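In the working numbering, the protein residues as written are 7 to 185. Each residue gets a CB set at the ideal place from its N, CA and C atoms; glycine is no exception. Since we're looking at a predicted model, the values are computed, not measured. This report concerns only the one structure given below.
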């Protein structure tokens, strides 16, 4: 059981991450989160009125982590958005796969849940192509980065760590070669 702080919503989200990490996406329920945090089901529902609301908040946290990672890149450098995506991918090696699967499973029932993610990706792709004198080259790099990210999200990376790192290194070289 987790020790609660004064920010119940953050504690509930942390408990939801723990449940998915320990027991898998299929075990994420309002009841399991309430047990994890030592709170009544009503207390969890007060902060998140449904499992969908809880998953939406978890997705928003993942998006915010991505945005923080992107902001760590020097925006004055060429192709800053592409560099940010590569940095975010490298930083997401500690991604909670079970959490991603829980979000994707819920999104299958309610595709609108992924709208914030879709909007962010669309905006980032527009920025990346507008920052480059070679928009098609930028699209190719984005497609490779998206492919690596989705392999990671779905727990299906066909590459060992050494190969994956070499691919990231090659993508960095390709970004450096874009102007």
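Under the three-state DSSP convention, the category residue 166 falls into: Reduced to three states, the DSSP call for residue 166 is coil.
So is residue 73 buried or exposed if we call it buried at 16+ other beta carbons inside 10 Å? By the 16-neighbour rule on beta-carbons within 10 angstroms, residue 73 is exposed.
What residue from 40, 79, 78 and 175 has the CA that sits closest to residue 60's CA? The shortest Cα separation from residue 60 among 40, 79, 78 and 175 belongs to 40.
Starting from the N-terminal side, write out each stretch of the alpha helix (DSSP H) that is 4 residues or longer and does not extend beyond the region 18-86. Fully enclosed alpha helix (DSSP H) runs of 4 or longer: 36-43, 47-53 and 57-77.
Would you grab the beta carbon distance between residue 21 and residue 53 for me? Rounded to a whole angstrom, and I think it's under 8 Å. Contact flag wrong, Cβ pair sits at about 11 Å.
Alpha-carbon to alpha-carbon, residue 162 and residue 153: So the two alpha carbons sit approximately 11 Å from each other.
Does the region 81-90 come within contact of the region 134-141, defined as at least 3 CB pairs closer than 8 Å? Taking a cut-off of 8 Å on C-beta distances, the region 81-90 touches the region 134-141, as three or more cross pairs fall below it.
C-alpha gap between residue 125 and residue 49, whole angstroms: So the two alpha carbons sit approximately 31 Å from each other.
Stretch pair the region 107-122 + the region 175-182: three plus CB contacts closer than 8 Å: No, because fewer than three Cβ pairs between the region 107-122 and the region 175-182 fall closer than 8 Å, the two stretches do not touch.
Find out if the Cβ-Cβ distance for the pair residue 19, residue 65 is shorter than 8 Å. In this structure, residue 19 sits away from residue 65, with a CB-CB distance that is not shorter than 8 Å.
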